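Read through the structure below, which is laid out as structure tokens, and then see the notes.
Numbering (full-length UniProt numbering), first residue to last: 1 to 348.
Printed below as a string of structure tokens:
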């Protein structure tokens with residue numbers, strides 16, 4: 001099976017990048033990004049998510065892939081928004097024990113974009129008892145550990161005890177799946193697999209559990225029009241040690257393609273009134289990012305696809321690297337619980 005066998009998959013990714021490129025200025029950091037009362041969820045969070053998606057797409061595609069060049073250009077844009085890393089030491093001084101600056105910075109570090117001065121300052125903070133005592137849920141803490149290691153910080157805290165305390169790590173009854181647990185499980189997988197770059201990082205027991213139950217959860221989310229979480233689950237499916245089931249992909253991708261607007265945007269959730277008007281930025285930027293990432297991650301896991309691209313060597317400057325329903329997963333869905341995930345949750 002090749003990417004061409006899945007209707008719409010590559011076009012969904014290309015159209016999503018078209019929208020993201022056209023709206024890149026909405027990701028720009030405003031003057032409130034460094035104020036004490038700045039709204040992090042409207043400044044650093046969107047920029048960090050843009051960088052994470054684009055760094056991940058660049059890592060799993062070759063320069064010849066049409067999805068690679070727009071991802072690389074947007075990653076450059078995001079890095080420039082941080083003053084090539086100069087804003088991170090300033091954030092460190094403003095909020096020395098906040099973890100989000102390191103989490104965002106680590107995305108750039110994973111792509112070879114580094115600021116040695118900030119890394120030294122962050123390493124000093126990470127050695128304090130105050131940093132070790134920051135109260136966070138286990139999934140978020142896994143992300144902080146990943147951010148530390150991406151940024152060259154080594155501490156003795158281990159991931160295994162944290163993993164056991166997450167929803168996914170407890171191998172819960174499948175019918176307890178809901179929206180908040182869905183976002184939690186996708187991020188556990190993202191942290192363990194380095195956002196899909198290292199599928200072997202997922203323990204065998206978790207991989208088997210997800211292989212069995214993920215199709216029904218994904219089907220449930222798409223039936224409910226939860227496009228944002230649905231695309232995250234597609235990324236998870238493409239990040240397991242074994243490639244995703246072709247029958248599942250043939251079912252999933254046409255549904256996502258039909259939900260995508262002509263502009264390339266994808267809403268987080270299908271509007272209740274069925275309107276197909278262009279949503280505002282905050283209602284669609286993350287789901288559009290996830291559609292782009294899911295497309296890139298999926299095509300690179302299909303038989304015959306080109307291998308993932310290697311991150312380029314850097315000297316502190318980023319360089320462009322190139323211009324029918326599946327009956328088994330329906331049955332599992334009927335055994336897995338409610339017809340639609342409940343609760344609220346947003347990806348970290």
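Positions of the beta carbon are idealized from the N, C-alpha and C atoms, including for glycine. No experiment lies behind these values; they were computed from the predicted model shown.
Query raised in the report: How about residue 24 and residue 108: are their beta carbons less than 8 Å apart?
Result: no
Query raised in the report: Beta carbon of residue 57, beta carbon of residue 296: below 8 Å?
Result: yes
Requested in this report: Pick helix, strand or coil for residue 167, following the three-state DSSP scheme.
Outcome: coil
Report task. Quick one: residues in its chain with C-beta nearer than 6 Å to the C-beta of residue 291, no 5 flanking neighbours on either side, listed in chain order? Result -> 12, 16, 231 and 266
Requested in this report: Determine the extent of the alpha helix (DSSP H) in which residue 135 is found, giving its start and end residues.
Outcome: Unbroken run through residue 135: none, as it is neither H nor E.
Requested in this report: Might you give, ordered along the chain, the residues of its own chain that have their beta carbon closer than 6 Å to the beta carbon of residue 205, omitting 5 neighbours on each side?
Outcome: none
Query raised in the report: Among residues of its own chain, excluding the 5 on either side of residue 256, which ones have a beta-carbon nearer than 8 Å to its beta-carbon?
Result: 8, 12, 222, 227, 230, 231, 234, 266, 291 and 294
**Report entry** Enclosing alpha helix (DSSP H) for residue 204 [first to last residue]
**Finding:** 204-223
Query raised in the report: Using the beta-carbon count (16 or more within 10 Å), is residue 92 buried or exposed?
Result: buried
Query raised in the report: What are the uninterrupted segments assigned as alpha helix (DSSP H) that are 4 or more residues long and contained completely in the stretch 25-67, given in chain order?
Result: 44-60
Query raised in the report: So, is residue 26 buried or exposed, given that buried needs 16 or more other C-beta atoms within 10 angstroms?
Result: exposed
Requested in this report: Measure the CB-CB distance between residue 147 and residue 103 and report whether it falls below 8 Å.
Outcome: yes
Report task. Return yes when at least one heavy atom of the ligand ATP lies under 7 Å from the C-beta of residue 48, else no. Result -> In the structure shown, the ligand ATP is absent, as is every other ligand, since no ligand is present at all.
**Report entry** Through-space distance from residue 74 to residue 289, alpha-carbon basis
**Finding:** 11 Å
Report task. For residue 141, count neighbouring Cβ atoms within 10 angstroms of its own Cβ and tell me buried if that reaches 16, exposed if not. Result -> buried
Report task. Quick one: grab the DSSP three-state call for residue 179. Result -> helix
Query raised in the report: Looking only at C-alpha atoms, which of 238, 52 and 287 sits nearest to residue 112?
Result: 52
Query - Endpoints, the alpha helix (DSSP H) within which residue 88 is located - result: 87-94
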